[in-house]
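First the structure, in the form of structure tokens, and then the observations on it.
2 protein chains.
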Amino acid sequence: MLPITEEKLDPRVRRTRQLLVDSFNALLEEKGFTDLNVNDITTRAGVNRATFYAHFPDKYALLDHAMRESFRQAIDRRMLSACRFSTDNLRLLTAAVCEFVGSIHTHNGAEEQFQALAEAQIREQVYGLVLHWLENMDTIQRCTVSRERAATAASWALYGLAHQWAHERQRPDPARFAEEVLPLVAANLGQTIELA
Amino acid sequence: MLPITEEKLDPRVRRTRQLLVDSFNALLEEKGFTDLNVNDITTRAGVNRATFYAHFPDKYALLDHAMRESFRQAIDRRMLSACRFSTDNLRLLTAAVCEFVGSIHTHNGAEEQFQALAEAQIREQVYGLVLHWLENMDTIQRCTVSRERAATAASWALYGLAHQWAHERQRPDPARFAEEVLPLVAANLGQTIELA
DNA sequence: CAATTTGTGTCGCCTAAACGACACCGGAGC
DNA sequence: GCTCCGGTGTCGTTTAGGCGACACAAATTG
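Residue numbers (numbering that gives the first Met the number 0), protein chains in the order written: chain A, 0 to 195; chain B, 0 to 195.
See below:
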């Protein structure tokens with residue numbers, strides 16, 4: 000029941016999606032999200048424009064997909080999805096979210112709709128991961144609220160903190176910041192579990 | 000009539016070929032040419048094995064293609080194919096061949112059939128380039144031999160010198176070596192043209 | 001204002017590539 | 001000897017993608 004959704008899909012599909020995502024990310028750095036059209040993306044990807052619409056309804060959907068992929072990789076790289084809950088992992092997750100939010104903030108700070116979609120993606124995945132952790136806890140104590148509510152609170156709190164951190168002019172080290180705010184996030188989970 | 004053979008071919012074909020070439024080059028570094036099979040190549044490229052045979056009859060043909068591409072890029076990068084003849088360009092070409100031969104020699108020194116195919120590819124292209132230069136000369140003087148013969152002599156001499164250079168234990172700088180042997184190569188062309 | 005221009009989204013026809021199955025060969029091991 | 005097996009090469013069927021054309025909306029421009 001690992002969250003590894005390694006869909007064994009047609010190599011052509013996988014390839015085309017990757018090409019589009021890569022092209023999109025490159026253009027994002029160069030031109031920003033707003034002035035960047037489907038034609039740019041497909042041309043650079045070496046893919047026909049019609050093919051784009053076979054995969055994504057519009058560029059917003061691609062942004063959504065790209066963000067999901069990008070953030071998922073950031074999580075996987077730290078081997079957080081494979082692990083179970085621990086205060087260490089929670090700290091690592093916090094730092095990871097900070098770095099991710101920070102990087103997109105510095106690069107695409109002004110872009111409105113961009114931020115919104117990225118935000119939703121990140122929260123969604125943090126929610127999923129935290130919930131996954133909670134479900135696999137062996138010591139389930141003091142379940143005053145459902146895991147879902149706890150996960151919701153934790154994911155929003157976590158993102159909010161990262162957001163604030165990203166907007167500070169003099170950002171402290173992500174790891175240090177994570178250490179600092181750990182109790183706040185843990186408090187949300189503390190309603191369902193007993194922290195070590 | 001530029002040698003830019005930018006065949007406007009189906010993006011799928013271009014893409015697949017590139018994937019195969021990249022995969023091939025990577026495996027070449029890791030395992031060498033002999034122990035490396037079609038399955039390895041296609042698996043890494045994310046391409047079906049049958050597709051490989053739609054493009055190349057066997058791995059030798061792919062090596063041929065990869066060498067051609069690789070060397071052509073090395074030439075294009077120095078903008079030699081776009082230029083006309085000059086002693087400077089001849090010097091640059093010599094240095095380029097040395098570097099290319101040197102790199103494949105250090106990496107795949109032992110591989111027999113590998114060397115043979117690479118050799119043929121390089122000579123062929125040097126021949127084509129030199130011939131192109133000769134054909135576009137404006138001062139055609141003392142044509143005692145045909146351009147084709149001169150190009151043949153020059154390309155073989157050039158490769159031979161690069162080959163010897165690559166086999167020396169203490170290789171001098173390619174540019175320096177090119178300067179040193181320039182008269183030898185130029186001598187072959189000297190039968191058809193008057194050097195400045 | 002009308003006349004472009006630029007970007008978007010869709011559709012039908014055709015081809016490259018995926019997939020699985022097949023026969024073949026040469027070597028390893030009983 | 002024999003079988004087994006990994007690698008090779010081919011074939012028929014199905015599907016993703018390329019291509020051009022189309023209608024449409026939103027700027028731009030004269």
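Even for Gly, the Cβ is constructed at its ideal location relative to N, Cα and C. As the structure is a computational prediction, the values presented were derived from the model and not from experiment.
Among the residues facing chain A, Pro56 (chain B) is not included, as its CB has no counterpart in that chain under 7 angstroms away. Per DSSP, reduced to three states, the secondary structure at Lys30 (chain B) is helical. Residues of chain A whose Cβ lies closer than 7 angstroms to the Cβ of Arg14 (chain B) are, in chain order, Gly45.
Listed along chain B, the residues sitting closer than 8 angstroms to Pro10 (chain A) by beta-carbon distance are Gly45, Val46 and Asn47.
DSSP, reduced to helix, strand and coil, places Arg170 (chain A) outside both helices and strands of the structure shown, so it counts as coil. When Cβ pairs closer than 8 angstroms are counted between the two stretches, the segment 88-101 of chain B is seen to touch the segment 166-177 of chain B, the count reaching three or more.
Scanning B:Phe23, B:His104, B:His64 and B:Thr151 for the CA closest to the CA of His131 (chain B) turns up B:Thr151. In the three-state DSSP reduction, Leu92 (chain B) falls in the helix class (H, G or I).
Cβ contact annotation for Asp39 (chain B) (same chain, cutoff 7 angstroms, sequence separation greater than five): Leu26, in chain order. Judged by their CB atoms, Ala161 (chain A) and Val100 (chain A) are nearer to each other than the 7 angstroms cut-off. Around the beta carbon of Val129 (chain B), a 10 Å sphere encloses 16 or more other beta carbons of the protein chains shown; the residue is thus reported as buried. Residue environment: Val12 (chain B) is assigned as exposed (fewer than 16 neighbouring CB atoms within 10 Å of its CB, all protein chains considered).
Beta-carbon to beta-carbon, Thr41 (chain A) and Thr50 (chain A) are separated by about 7 angstroms, close enough to satisfy the 8 angstroms threshold. When only Cα atoms are considered, Glu111 (chain B) and Ile121 (chain B) end up about 16 angstroms apart. Gln72 (chain B) and His64 (chain A) have their C-alpha atoms spaced approximately 35 angstroms apart. DSSP places Lys58 (chain B) in the uninterrupted alpha helix (DSSP H) bounded by Lys58 to Arg76. With fewer than 16 other Cβ atoms inside 10 Å of its own Cβ, Thr105 (chain A) counts as exposed. As the crow flies, the alpha-carbon of Ala44 (chain A) is around 17 angstroms from that of Ala60 (chain A).
For the 7 angstroms CB-CB criterion, Ala156 (chain A) and Val184 (chain A) form a contact. Val180 (chain A) is positioned such that its CB atom lies no closer than 7 angstroms to that of Ser154 (chain A). If the five residues before and after Glu147 (chain B) are omitted, its C-beta is found closer than 8 angstroms to the C-beta atoms of Leu130, all from its own chain and listed in chain order.
When DSSP assignments are scanned along the segment 102-188 of chain B, the uninterrupted stretches of alpha helix (DSSP H) that are 4 or more residues long and fall wholly within it turn out to be 111-134 and 146-166. The beta-carbon separation of Cys97 (chain A) and Trp164 (chain A), rounded to 5 angstroms, stays under the 8 angstroms limit for a contact. Looking only at B:Tyr52, B:Pro10, B:Phe84 and B:Asn24, the smallest Cα-Cα distance to Glu68 (chain B) is reached by B:Asn24. Judged by DSSP secondary structure, Asp39 (chain A) falls within the alpha helix (DSSP H) whose first and last residues are Val37 to Ala44. Cβ contact annotation for Leu79 (chain A) (same chain, cutoff 8 angstroms, sequence separation greater than five): Asn88, Leu91, Leu92, Ala95 and Leu128, in chain order.
Of the candidates A:Leu188, A:Glu134 and A:Leu116, A:Leu116 places its Cα closest to the Cα of Lys58 (chain A). Here Val37 (chain A) has Arg48, Phe51 and Lys58 as same chain residues with Cβ atoms under 7 angstroms from its own Cβ, once five neighbours each way along the sequence are excluded.
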